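Count along the sequence shown starting at 1, add 1, and that's the number in our numbering.
Every residue, glycine too, gets a C-beta built ideally from N, C-alpha and C.
Quick caveat, the model's predicted, so the values are computed rather than measured.
Working notes, beginning with the structure itself.
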Amino acid sequence: MSSNMHTRRFLKMQGLGNDFVIFDARERELSLTDDAVRHIADRRRGVGCDQLIIMRTAEDADIFMEIRNADGSRVGACGNATRCVGRLMLDETGKDIVTIRTDAGLLSARRADAGISVNMGPARLDWAEIPLSHQMDTAKTDFSLGPLTHPVCVNMGNPHAIFFVPDVDAVDLETYGPQIETDPLFSEHVNVSVVHIRDGIIRQRVWERGAGITEACGSGACAGAVAAARLGLTGRKSTVQLDGGPLEIEWLEDGTVQMTGSATLAFEGEITL
2 MSSNMHTRRF LKMQGLGNDF VIFDAREREL SLTDDAVRHI ADRRRGVGCD QLIIMRTAED
62 ADIFMEIRNA DGSRVGACGN ATRCVGRLML DETGKDIVTI RTDAGLLSAR RADAGISVNM
122 GPARLDWAEI PLSHQMDTAK TDFSLGPLTH PVCVNMGNPH AIFFVPDVDA VDLETYGPQI
182 ETDPLFSEHV NVSVVHIRDG IIRQRVWERG AGITEACGSG ACAGAVAAAR LGLTGRKSTV
242 QLDGGPLEIE WLEDGTVQMT GSATLAFEGE ITL
């Protein structure tokens with residue numbers, strides 16, 4: 002490690018192609034402006050990532066995970082990043098289960114046959130918890146844009162609007178995603194998913210607020226599975242096939258959502274900030 006105080010070590014990790022630059026600020030403080038985050042996340046001028054993660058100390062958990070989108074904005078939850086940080090903490094501590102504090106709440110992670118399994122906390126379904134700008138039924142939200150109508154809305158630490166369509170690959174998500182993300186109905190903006198179900202498998206594509214279309218979105222997969230179960234299209238346990246690969250999702254009887262999938266270290270390096 003360089004002695005230059007402006008040089009920091011980072012890890013590059015990914016879960017199903019949803020990629021992260023991860024900094025450890027437990028022993029050496031790190032504060033990044035939105036501009037600095039955007040530079041690091043830039044795939045041509047920086048390291049490149051969908052989200053940037055800063056690990057910090059926590060009084061009531063093994064780690065605190067600060068999550069920043071590629072545009073610099075701070076968000077409460079990111080399922081794929083939680084699996085990656087969970088893997089790091091399981092390796093570091095040797096524990097069977099680790100706890101991860103986020104802006105959205107306290108999460109837990111453990112090893113599983115298919116990778117890392119994370120409890121993402123409760124699926125919040127009330128209109129005020131999404132939040133929406135006014136009261137309505139979140140199982141059939143009164144909203145439409147082009148071919149996308151009546152989304153199911155779920156908050157998994159961040160807000161999601163799930164649109165069920167005949168074919169997700171036929172939807173121009175790059176056009177509709179940013180328009181829906183910033184619509185006044187969604188008070189804190191929203192992640193936008195299109196979903197179809199074939200042979201019992203949930204196929205999903207996601208536009209993430211502040212990041213755009215990503216290969217995978219863990220909290221989005223949880224929201225998609227909950228939405229499908231709410232409509233009676235699946236049971237409470239399902240496979241969600243994202244562009245980057247599959248996630249196993251179970252909406253538990255206590256209302257929380259368990260997500261299982263891969264968490265991979267791509268490389269590590271140093272960057273001058």
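C-alpha gap between residue i and residue j, whole angstroms
i           : j           : result
residue 237 : residue 227 : 7 Å
residue 121 : residue 147 : 32 Å
residue 267 : residue 244 : 18 Å
residue 137 : residue 71  : 31 Å
residue 139 : residue 250 : 20 Å
residue 39  : residue 13  : 16 Å
residue 172 : residue 30  : 43 Å
residue 190 : residue 116 : 31 Å
residue 200 : residue 179 : 30 Å
residue 168 : residue 150 : 14 Å
residue 220 : residue 44  : 23 Å
residue 253 : residue 58  : 29 Å
residue 192 : residue 95  : 34 Å
residue 194 : residue 62  : 31 Å
residue 4   : residue 11  : Interpretation of residue 4 is limited by its pLDDT of 45, a score under 50 that renders its predicted location unreliable; no figure is taken from the coordinates.
residue 152 : residue 197 : 13 Å
residue 159 : residue 114 : 27 Å
residue 76  : residue 50  : 15 Å
residue 269 : residue 47  : 14 Å
residue 230 : residue 36  : 40 Å
Beta-ladder partner(s) of residue i, from DSSP
i           : result
residue 134 : Residue 134 is not bridged to any residue.
residue 252 : 258
residue 109 : 100, 120
residue 246 : 243
residue 76  : 68
residue 8   : 273
Of the listed residues the options, nearest to residue i (C-alpha basis)
i           : options            : result
residue 73  : 23, 100, 48, 33    : 33
residue 241 : 203, 141, 215, 37  : 203
residue 103 : 86, 130, 138, 67   : 67
residue 208 : 187, 218, 11       : 218
residue 224 : 78, 44, 69         : 78
residue 100 : 149, 108, 43       : 108
residue 119 : 215, 175, 184, 248 : 248
residue 126 : 270, 257, 96, 185  : 257
residue 263 : 60, 165, 111       : 111
residue 132 : 175, 182, 96       : 182
residue 88  : 15, 8, 173, 229    : 15
residue 214 : 176, 154, 153      : 176
residue 25  : 52, 64, 46         : 64
residue 85  : 206, 53, 61, 152   : 53
residue 155 : 232, 113, 9        : 232
residue 145 : 56, 130, 255, 165  : 165
residue 187 : 113, 130, 271      : 130
residue 206 : 11, 18, 10         : 18
residue 60  : 27, 128, 246, 36   : 27
residue 259 : 210, 134, 124, 10  : 124
residue 212 : 97, 265, 46, 69    : 69
residue 161 : 210, 106, 82, 81   : 210
residue 141 : 134, 163, 157      : 163
residue 281 : 128, 81, 92        : Examination of residue 281 is not possible in this model, given that the chain is present from 2 through 274 alone.
Element boundaries [alpha helix (DSSP H), containing residue i]
i           : result
residue 271 : Segment 265 to 273 is the beta strand (DSSP E) holding residue 271; no alpha helix (DSSP H) there.
residue 182 : 174 to 182
residue 231 : 219 to 231
Enclosing beta strand (DSSP E) for residue i [first to last residue]
i           : result
residue 261 : 257 to 262
residue 116 : 116 to 123
residue 237 : Residue 237 -> no beta strand (DSSP E), and no H or E assigned at all.
residue 215 : 213 to 215
heavy atom of the ligand ZN below 7 Å from residue i C-beta
i          : result
residue 62 : Within the structure as shown, the ligand ZN is missing, as the structure has no ligands at all.
4 or more residues per run - each alpha helix (DSSP H) lying fully within the stretch 141 to 209: 174 to 182
Entirely enclosed alpha helix (DSSP H) segments - the stretch 15 to 66, minimum 4 residues: The qualifying runs are 35 to 42.
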